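S.K.: The following block contains the structure, expressed as structure tokens.
There are 2 protein chains.
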Amino acid sequence: MSQPIDFYFDFSSPYAYLASAMIEPVAKKHRRQVRWHSFMLGVAFKGENTAPLTIYPKKGEYSRLDFDRTARKYGIPFNMPKDFPKITLAASRAYFSLSSQGNEKAVPFAKAVFSAYFVDGQDISDPEVITEIGAKVGLDPEELQAAFSSDEVKAAYKASVEDIVENKKIFGAPYMIVDGEPFWGADRVVQVDEWLETGGW
Amino acid sequence: MSQPIDFYFDFSSPYAYLASAMIEPVAKKHRRQVRWHSFMLGVAFKGENTAPLTIYPKKGEYSRLDFDRTARKYGIPFNMPKDFPKITLAASRAYFSLSSQGNEKAVPFAKAVFSAYFVDGQDISDPEVITEIGAKVGLDPEELQAAFSSDEVKAAYKASVEDIVENKKIFGAPYMIVDGEPFWGADRVVQVDEWLETGGW
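As given, the protein sequences belong to chains B and R, one line each in that order.
Numbering-wise (our numbering), the first sequence opens with residue 278 and increments by one.
Numbering-wise (our numbering), the second sequence opens with residue 278 and increments by one.
Take a look at the structure:
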């Protein structure tokens with residue numbers, strides 16, 4: 278059985294949202310599962326002394342052009358949220374808790390959160406909005422709220438983010454690991470495809 | 278007559294070196310000229326409050342892996358210089374002066390400087406080394422020295438770098454502009470090819 282593609286994301290990253298759509302057909306083509314991992318870019322940025330792309334004056338302007346261009350290229354619905362970036366702790370903890378039970382509930386939830394933010398411009402920093410999004414993909418609101426409010430989940434998620442940033446050395450999103458090989462950035466999904474096709478170079 | 282591809286580089290950028298090799302077959306395929314523009318990343322970084330990739334602990338480690346991987350993928354000779362980055366004012370001024378007379382002398386010189394640094398590990402911050410490199414591609418040493426020592430060239434190059442960073446808003450290298458569309462990064466040479474192939478998206 279082939280290893281899954283590990284896909285690291287933050288709900289507030291436009292490129293992670295775009296890559297989450299781009300990676301699916303690639304994984305399917307090569308009969309790989311995608312194992313989604315939520316983490317907090319803010320923690321990674323602090324360690325590296327970097328910041329969200331959009332706060333840089335010129336790089337930010339280019340990035341906004343490139344978000345739209347990437348979305349057009351791959352036919353992905355995308356509207357840059359006016360309120361950006363967002364702290365997405367409730368959504369991330371909820372995802373983390375759901376993912377401990379596998380992809381079945383977690384991945385549809387993650388996709389719904391991404392769409393709510395990057396298509397519909399909803400406030401995904403608001404726990405109530407997260408609960409509503411969960412309800413739309415069939416998750417019990419009370420169960421979901423309990424998941425992201427639980428001290429146990431909070432502590433376990435914090436430890437997981439630290440592991441991702443400190444031990445796996447992941448400094449940005451999206452970040453993909455394929456058979457041990459790391460790829461950073463939405464544009465590298467094309468190389469993930471080529472890597473799986475050729476066995477690497 | 279089609280517009281040339283504008284290619285912005287800094288002699289100290291590994292990705293600019295890699296892209297300088299990658300862009301040539303793409304330009305040839307689409308019957309475009311490449312118009313090379315030297316600028317100083319240091320000036321761009323200051324305005325954006327960014328820094329060379331390799332100084333970031335985790336991003337730096339990934340970048341070094343990716344420089345090698347990109348070189349392998351495209352069959353480009355590459356040895357990461359031990360002494361990195363370099364201030365390359367003499368080479369950049371010399372290139373700028375040569376390029377005012379067209380590509381004929383300037384581009385072979387630029388390629389020779391890139392190779393001297395990223396293949397042979399020579400000290401391209403040393404004006405004497407630059408003069409020697411120039412001699413190897415048939416440039417008169419005295420003429421070259423006069424070019425990079427001239428106050429007129431210094432002032433004109435400074436103004437050109439300011440124009441590139443402030444007015445063209447170029448914040449990193451390599452940076453390519455194709456029929457008005459900007460592309461940043463060596464990995465985007467693939468998209469430059471697709472853009473020229475399809476007319477854009």
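Even for Gly, the Cβ is constructed at its ideal location relative to N, Cα and C.
Every value quoted in this text rests on a predicted model; they were computed, and no experiment measured them.
In chain B, which residues lie less than 8 Å from Gly449(R) when you measure between Cβ atoms?
M.R.: In chain order: Lys336.
S.K.: Counting beta carbon pairs with one atom in the region 409–428 of chain R and one in the region 451–466 of chain R, are three or more of them shorter than 8 Å?
M.R.: Segments in contact, no.
S.K.: Which two residues bound the contiguous alpha helix (DSSP H) that contains Phe344(B)?
M.R.: Per DSSP, Phe344(B) belongs to the alpha helix (DSSP H) from Pro334 to Tyr351.
S.K.: Does the beta carbon of Thr331(B) sit closer than 8 Å to a beta carbon anywhere in chain R?
M.R.: Taking Cβ atoms only, chain R never reaches closer than 8 Å to Thr331(B), which makes this a no.
S.K.: Just to check my reading of the structure: Phe373(B) and Tyr434(B) have Cβ atoms closer than 8 Å, yes? What is that Cβ distance to the nearest angstrom?
M.R.: Rounded, the Cβ-Cβ distance is 4 Å, consistent with contact.
S.K.: How about the region 308–317 of chain R and the region 337–353 of chain R: do they share at least three Cβ pairs that are nearer than 8 Å?
M.R.: No, the region 308–317 of chain R does not touch the region 337–353 of chain R.
S.K.: For Pro459(R), which residues in chain B fall below 8 Å Cβ to Cβ?
M.R.: The contacting residues are Tyr339 and Leu342.
S.K.: Tell me where the alpha helix (DSSP H) around Pro418(B) begins and ends.
M.R.: Its alpha helix (DSSP H) spans residues Pro418 to Ser426.
S.K.: With a threshold of 8 Å between beta-carbons, can Glu325(B) be considered close to chain R, or not?
M.R.: So yes, Glu325(B) belongs to the interface.
S.K.: Please confirm whether Asp464(B) has its beta-carbon closer than 8 Å to some beta-carbon of chain R.
M.R.: Answer yes: the Cβ-Cβ gap between Asp464(B) and chain R drops below 8 Å somewhere.
S.K.: Would you report the Cα separation of Leu402(R) and Ser377(R), rounded to the nearest angstrom?
M.R.: According to the sequence as given, residue 402(R) is Ser; it is not Leu. Cα-Cα distance, rounded: 22 Å.
S.K.: Would a check of beta-carbon distances place Val311(R) closer than 8 Å to chain B?
M.R.: Taking Cβ atoms only, chain B never reaches closer than 8 Å to Val311(R), which makes this a no.
S.K.: Check this for me: beta carbons of His314(R) and Ile441(R), under 8 Å apart or not?
M.R.: Result yes, Cβ atoms of His314(R) and Ile441(R) sit closer than 8 Å.
S.K.: Considering just the uninterrupted stretch of the alpha helix (DSSP H) at Phe391(R), what are its terminal residues?
M.R.: From DSSP, the alpha helix (DSSP H) with Phe391(R) extends over Asn380 to Phe395.
S.K.: Evaluate contact between the region 315–335 of chain R and the region 321–338 of chain B, counting only Cβ atoms and requiring at least three cross-stretch pairs below 8 Å.
M.R.: At 8 Å Cβ cutoff, the stretches touch.
S.K.: Please report how far the alpha carbon of Val466(R) lies from the alpha carbon of Ala348(R), in whole angstroms.
M.R.: Each residue's Cα considered, the two are about 13 Å apart.
S.K.: Can you name the start and end residues of the alpha helix (DSSP H) that Phe322(R) belongs to?
M.R.: Counting along the chain, the alpha helix (DSSP H) containing Phe322(R) begins and ends at Leu318 to Glu325.
S.K.: Which residue marks the beginning of the beta strand (DSSP E) containing Arg312(B), and which one marks its end?
M.R.: Per DSSP, Arg312(B) belongs to the beta strand (DSSP E) from Val311 to Ser315.
S.K.: I'd like to know whether the C-beta of Lys350(B) is nearer than 8 Å to at least one C-beta of chain R.
M.R.: Taking Cβ atoms only, chain R reaches closer than 8 Å to Lys350(B), which makes this a yes.
S.K.: Just the Cα atoms here: how many angstroms apart are Gln280(B) and Gly379(B)?
M.R.: The straight-line gap from Cα to Cα measures roughly 15 Å.
S.K.: Does the CB of Val467(R) have a neighbour CB from chain B at under 8 Å?
M.R.: Yes, because at least one Cβ of chain B sits closer than 8 Å to the Cβ of Val467(R).
S.K.: Go ahead and pull the three-state DSSP assignment for Pro329(B).
M.R.: Pro329(B) falls in the coil class under three-state DSSP.
S.K.: Less than 8 Å separating the beta-carbons of Ile479(B) and Ala424(B)?
M.R.: Shown here, chain B extends from 278 to 478; a query on residue 479(B) therefore has no answer.
S.K.: How about Phe391(R) and Leu375(R): are their beta carbons less than 8 Å apart?
M.R.: No, the Cβ-Cβ distance between Phe391(R) and Leu375(R) is not below 8 Å.
S.K.: For Lys446(B), go through chain R and note every residue whose CB falls closer than 7 Å to its CB, in chain order.
M.R.: Here the neighbours are Lys335 and Glu338.
S.K.: What's the C-alpha gap between Glu474(B) and Met453(B)?
M.R.: About 16 Å.
S.K.: Would you tell me roughly how many angstroms separate the C-alpha atoms of Asp417(R) and Lys382(R), rounded to the nearest one?
M.R.: Their backbone Cα atoms lie some 11 Å apart in a straight line.
S.K.: Which partner residues does Thr453(R) have in the DSSP bridge list?
M.R.: Residue identity differs from the one stated: residue 453(R) is Met in this sequence, not Thr. DSSP output for Met453(R) lists Phe284(R) and Phe460(R) as bridge partner(s).
S.K.: For Asp470(B), tell me which candidate among Asp400(B), Phe288(B) and Glu301(B) has the shortest Cα-Cα distance.
M.R.: Of Asp400(B), Phe288(B) and Glu301(B), the residue nearest in Cα terms is Glu301(B).
S.K.: Give a single yes or no on whether Gln280(B) has its beta carbon closer than 7 Å to a heavy atom of the ligand SAH.
M.R.: With respect to the ligand SAH, the structure offers nothing, as it holds no ligand at all.
S.K.: Taking the alpha carbon of Phe361(R) as the reference point, which residue from Lys388(R), Ala368(R), Asp283(R) and Gln399(R) has its own alpha carbon closest?
M.R.: Taking only the C-alpha atoms, the option nearest Phe361(R) is Gln399(R).
S.K.: Determine, using beta carbons only, whether Phe448(R) and Thr365(R) come nearer to each other than 8 Å.
M.R.: No, they are not a contact pair.
S.K.: Taking DSSP as the reference, what is the three-state secondary structure of Phe373(B)?
M.R.: Looking at Phe373(B) - three-state DSSP - the assignment turns out to be helix.
S.K.: Check whether the Cβ atoms of Met317(R) and Val455(R) lie closer than 8 Å to each other.
M.R.: Not a contact, by the Cβ cut-off of 8 Å.
S.K.: Is it true that the CB of Arg312(R) sits closer than 8 Å to the CB of Ile332(R)?
M.R.: Going by C-beta atoms, Ile332(R) is not nearer than 8 Å to Arg312(R).
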